[in-house]
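Each residue of the sequence shown is one higher than the one before, counting from 9 in the numbering used here. As structure tokens, the structure follows; a few thoughts come after it.
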Amino acid sequence: MPAAIASAADYLSRQPVTEITVSLGDEAGELKFFPNLLEFESGKRYKLVLKNPSSQKHYFTAKNFADASWTQTVEAGNVEIKGAIYELELKPGARAEWMFVPMKSGTYNLRGTVAGHTEAGMMGKITIAS
Ligand SMILES: [Cu+2]
């Protein structure tokens, strides 16, 4: 990794973190994200905690948002993943933590891409404010 990029990543990874929790579906089986409107500020570090309290699997798909962000880590179970991420699949009862820094302002789509879920209302918007 070039030194300038390594030091930028090192700087970003030490910023204070804001934690936000999103639920994928709910106990009643509703096909929604709670909340379904997310807003972040460019250059700040976030821990997005994703939980699936429902009895079926759900996806958290936000490719363009992921492309507009710098991902530090994704943690799920005992595994920590480093590098770009576009989509997470959460099985019933699962939990994952996505540490990232939004970089490029804009409004991005969030979708649950399990067949039929987006159509049923499992969608949202993610805004990165500058
Ligand atoms: Cu879903």
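Beta carbons are placed, not taken as given, at the ideal position from N, Cα and C, and that holds for glycine.
Original post:
Using the beta-carbon count (16 or more within 10 Å), is T26 buried or exposed?
Top reply: Translated into the one-based positions of the sequence shown, residue 26 becomes position 18. Sixteen is the threshold: since fewer than 16 other Cβ atoms of the shown chains lie within 10 Å of the Cβ of T26, the residue is exposed.
Original post:
Along the chain, which unbroken stretches of the beta strand (DSSP E) at least 3 residues long are found entirely within the segment 80 to 137?
Top reply: 87 to 89, 95 to 98, 103 to 110, 114 to 119, 131 to 137
Original post:
Where L46 and K40 are concerned, what is the direct C-alpha to C-alpha distance, given to the nearest angstrom?
Top reply: For the purposes of this step, residue 46 is taken as the residue at position 38 of the sequence shown. For the purposes of this step, residue 40 is taken as the residue at position 32 of the sequence shown. For L46 and K40, the distance between alpha carbons rounds to 13 Å.
Original post:
What did DSSP end up calling S15 once you bin it into helix, strand or coil?
Top reply: If you number the sequence shown from 1, residue 15 lands on position 7. Correct three-state label for S15: helix.
Original post:
Where D34 and P43 are concerned, what is the direct C-alpha to C-alpha distance, given to the nearest angstrom?
Top reply: Start at 1 with the first residue of the sequence shown, and residue 34 comes out as number 26. Start at 1 with the first residue of the sequence shown, and residue 43 comes out as number 35. Cα to Cα, D34 sits roughly 11 Å from P43.
Original post:
Does the distance from the CB of L32 to the CB of N60 come in under 7 Å?
Top reply: Start at 1 with the first residue of the sequence shown, and residue 32 comes out as number 24. Start at 1 with the first residue of the sequence shown, and residue 60 comes out as number 52. It is a contact, given that the beta carbons lie within the stated cut-off.
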